[in-house]
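J.: Protein chains in written order, with this note's numbering: chain X, 96 to 271; chain L, 106 to 231. No residue lacks a Cβ here, since even glycine has one placed at the ideal position from N, Cα and C. Okay, here's the structure, questions in a sec.
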């Protein structure tokens, strides 16, 4: 295993947003067996350390390619675009307004006549917006429109957060 | 991560949470967001004909530091002129709240929000 390889090459995958997840996990398991520190229990210290580092690299690679958002950020990284922790006044105000509405909608779920139904409809809307952004991201990346692609990923980050909040509320409603 | 007393106080008892009528010509609205954490913040000011901020409201969906930063800013800007409020720096916010380095961006977000609100108000006044 060569840790200098990019994550896609590591798993023998074509670089791109669409990833064959089954192939990814099969290849992960094969590589994991290859580099597992247990196999180097009787080896020298340097080899043991290398096994630990390779395992960590492999796990990072898996986590990155498995998550659609992290994968998108990584694809930008491969193109030399880094998304900083910037706050963005430059973001489209109407998009931010929509995010605010979505969050307000989420806050109102508990008070709804049918909370589960209200949550499901919110979830559908978030999913549709997400799918739209993914389409936009793939298109822009393919065209080499990197600024635009980065803008799509920034928006995806907001929807990802919203999705997490939805899941958290779902769990809470189930526990009630 | 441990929050400071100041952050906890603003988080548990946020001041000035609410919404003003965006259509009101005396109201300026600032919408900002932090992509990295998915936080969104709306900060609004109501400005008198003399250019003094009479009231401020905010709504923030985000972490405790982001909520505390925006709550503090709404308290501070009341009674300020627009120029005074424009001069607010994120470092004043982060110092007052004793924000750790990883949360500095929350105070930047609050500074951006008040600037955006002032800009919006000025644009409305033409």
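Report the residue ranges of all alpha helix (DSSP H) runs contained in full by the stretch 114-159 of chain X; include only those spanning at least 4 residues, in chain order.
T.: If we require 4 residues or more, the alpha helix (DSSP H) runs fully inside the stretch 114-159 of chain X come out as 116-130.
J.: So, helix, strand or coil for residue 163(L), using DSSP?
T.: DSSP places residue 163(L) in strand when its eight states are reduced to three.
J.: Run the CB neighbour count on residue 239(X), radius 10 Å, all protein chains shown included, and call it buried at 16 or more, exposed below.
T.: Looking at its Cβ environment, which holds fewer than 16 other Cβ atoms inside 10 Å, residue 239(X) is exposed.
J.: Along the chain, where does the beta strand (DSSP E) containing residue 124(L) start, and where does it finish?
T.: It is not in any beta strand (DSSP E) - residue 124(L) carries neither H nor E in the DSSP assignment.
J.: Helix, strand or coil: how does DSSP classify residue 148(L) here?
T.: Of the three classes helix, strand and coil, the one that applies to residue 148(L) here is strand, per DSSP.
J.: Give me the chain L residues within the contact set of residue 195(X), using Cβ-Cβ distance strictly less than 8 Å, ordered along the chain.
T.: Under the 8 Å cutoff, chain L gives 136, 145, 147, 164 and 166.
J.: Would residue 164(X) pass as an interface residue toward chain L - the criterion being a Cβ-Cβ separation below 8 Å?
T.: No, because no Cβ of chain L sits closer than 8 Å to the Cβ of residue 164(X).
J.: Check for me: the beta strand (DSSP E) holding residue 221(X) runs from which residue to which?
T.: Residue 221(X) -> not in any beta strand (DSSP E); alpha helix (DSSP H) instead, spanning 210-238.
J.: Output, in chain order, the set of chain L residues within a Cβ distance shorter than 9 Å of residue 232(X).
T.: The contacting residues do not exist; residue 232(X) stays about 13 Å from chain L at best.
J.: Taking residue 269(X) as part of the beta strand (DSSP E), name the residues at either end of that continuous run.
T.: Careful: residue 269(X) lies outside any beta strand (DSSP E), inside the alpha helix (DSSP H) at 241-270.
J.: Would you mind stating whether residue 148(L) and residue 175(L) have Cβ atoms separated by less than 8 Å?
T.: Taking 8 Å as the Cβ cut-off, residue 148(L) and residue 175(L) qualify as a contacting pair.
J.: Quick check: the stretch 230-250 of chain X against the stretch 110-128 of chain L, are there 3 or more CB pairs under 8 Å?
T.: They do not touch, by the three-pair rule.
J.: Please return the same chain residues whose Cβ sits closer than 6 Å to the Cβ of residue 157(L), not counting the five positions on each side in sequence.
T.: Taken in chain order, the residues that qualify are 186.
J.: Am I right that residue 204(X) and residue 197(X) are in contact with their C-beta atoms under 8 Å? What's the rounded C-beta distance?
T.: With a Cβ gap of about 11 Å, residue 204(X) and residue 197(X) do not count as contacting.
J.: Pull the bridge partners of residue 132(L) from the DSSP assignment, please.
T.: DSSP output for residue 132(L) lists 151(L) as bridge partner(s).
J.: Is there a Cβ from chain X that is less than 8 Å from the Cβ of residue 122(L)?
T.: False, the Cβ-Cβ gap to chain X never drops below 8 Å.
J.: Counting only beta-carbon atoms, is residue 206(L) nearer than 8 Å to chain X?
T.: Cβ-Cβ to chain X under 8 Å: no for residue 206(L).
J.: Could you check if residue 121(L) is buried or exposed, using at least 16 other CB atoms within 10 Å of its CB as the buried criterion?
T.: Answer is buried; the Cβ neighbour count reaches 16.
J.: Closest to residue 125(X) by C-alpha separation, out of 233(X), 175(X) and 96(X), would be which residue?
T.: Comparing Cα positions, the closest option is 96(X).
J.: So, at 7 Å on beta carbons, what are the nonlocal neighbours of residue 171(L) in its own chain, with the 5 sequence-adjacent residues on each side left out?
T.: Hits under 7 Å: 144, 146, 165, 211 and 214.
J.: Given a limit of 8 Å on CB to CB distance, which residues of the stretch 217-228 of chain X reach chain L?
T.: Under the 8 Å Cβ criterion, the stretch 217-228 of chain X contributes no residue.
J.: Residues of chain L with CB closer than 9 Å to the CB of residue 242(X), please, in chain order.
T.: Near residue 242(X) there are no residues of chain L at all, since even the closest Cβ is about 14 Å away, more than 9 Å.
J.: Against chain L, which members of the stretch 253-266 of chain X pass a CB distance test of less than 9 Å?
T.: Here the close residues are 253, 254, 255, 256, 257, 259 and 260.
J.: Of the choices 271(X), 102(X), 219(X) and 256(X), whose alpha-carbon is the least far from that of residue 155(X)?
T.: That would be 102(X), whose Cα lies nearest to the Cα of residue 155(X).
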